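Notes for the one structure printed next.
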Amino acid sequence: MALSTGSGAILAVAYDAGGLEFFDMEGDRLGEPTRFHLKDIADGRASSIQSTQLTIFPGVTIEGGLKAYVFGEGLVAPAQIDLPIPEQRAVEGLCSGEAGSQGLMRIAYWTISNNRLLRTGVIGQSGDELTWEEEDATEAGFPITSCVFAYDTLVASPRSAASASLTRGDNAALLSIEEGGPLQISTDLGMTTSSITVRDGITVTAPDVPTAVTANGSLPAGGYPGGVVVIAGETSEGTHQVVFVDPSAITLKD
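Note that my numbering has the sequence shown beginning at 183, numbered continuously upward.
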């Protein structure tokens, strides 16, 4: 799963069995479902391309290709386009972060053949085309299972199956999931973590063992004053759900 920033907010959900869908913050589907088969997707950004407002999510196909998934004006379903990253090896995973004035988004990724090396760069725009400027290659010292841009720092993990940054002003936290475990939180770049118990809502049951997480501490969409955390997982045997969680206790604390 991944969330977009910029004007409005979109939730992208990719399924293990194949398929990609976009939703708004009310949980309503945007456009038609697609059959794209992804093994990873990172947070997206809104931008104007060819004078059209679009939201772009970077992702990795099941074959290890780097693609972007786009939705916006004039599209009836998310579209897939190539990312301008000249990587010949099959990619295993990626994460994205803010690029500020340098471009559209910052991306870090690692490959199947070298899962200890993170390559980073910036996706930008030149006219109506996307561009890529490689920045660095960082040796992690361990096999990478997930990465996240948190507090302007790139954090790689050898244990977490999924990670997300929850930041609002001076309040910042790193959320993570280890396979078979609960949602965890850290406020020191993953050095120490503690488990979070997500309470069920009146009509919503939260998964005890989530499989995916994404978050945004300053959501542009209405109805989430403290941002939002989104987790997905099995809530009962054979029933999988995406659940929106209010993180105000973390993001709006004094």
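Quick reminder that beta carbons are idealized off the backbone N, C-alpha and C, glycines included.
The structure displayed is predicted, hence computed values, not measured ones.
DSSP places Thr375 outside both helix and strand once states are collapsed to three, so it counts as coil.
With 16 or more neighbouring CB atoms inside 10 Å of its own CB, Ile359 falls in the buried class. Taking 7 Å as the cut-off, the Cβ atoms of Ala259 and Val252 do not count as close. The continuous alpha helix (DSSP H) containing Ala431 extends over residues Ser430 to Thr433.
Fewer than three beta-carbon pairs drawn from the segment 308-316 and the segment 325-344 are found closer than 8 Å, and the two stretches are therefore not classed as touching. DSSP places Ser368 in the strand class (E or B) of the three-state scheme. Bounds of any beta strand (DSSP E) do not take in Pro407, whose DSSP letter is neither H nor E. Val195 is a Cβ neighbour of Met183, given a cutoff of 7 Å. Excluding five sequence positions before and after Gly408, the CB atoms of its chain that fall closer than 6 Å to its own CB belong to Pro429, Ser430, Thr433 and Leu434, given in chain order. Between the alpha carbons of Thr374 and Gly279 lies a gap of roughly 22 Å.
Membership of Asp310 in any beta strand (DSSP E) is not indicated, and neither H nor E is assigned to it by DSSP.
For Ala290, the CB contacts under 6 Å within the same chain, skipping 5 residues up- and downstream, are Cys277, Leu300, Thr302, Cys329 and Leu336 in chain order. The straight-line gap separating the alpha-carbon atoms of Tyr406 and Asp390 is approximately 23 Å. If you check the CB distance, Ala250 and Ile238 come in under 7 Å. Look at Gln423 here: in three-state DSSP terms it is strand. In this structure, the alpha-carbon of Leu257 lies about 9 Å from that of Leu236.
Counting of Cβ neighbours within 10 angstroms places Arg217 among the exposed residues, the total staying below 16. For the 7 Å CB-CB criterion, Leu265 and Leu286 do not form a contact.
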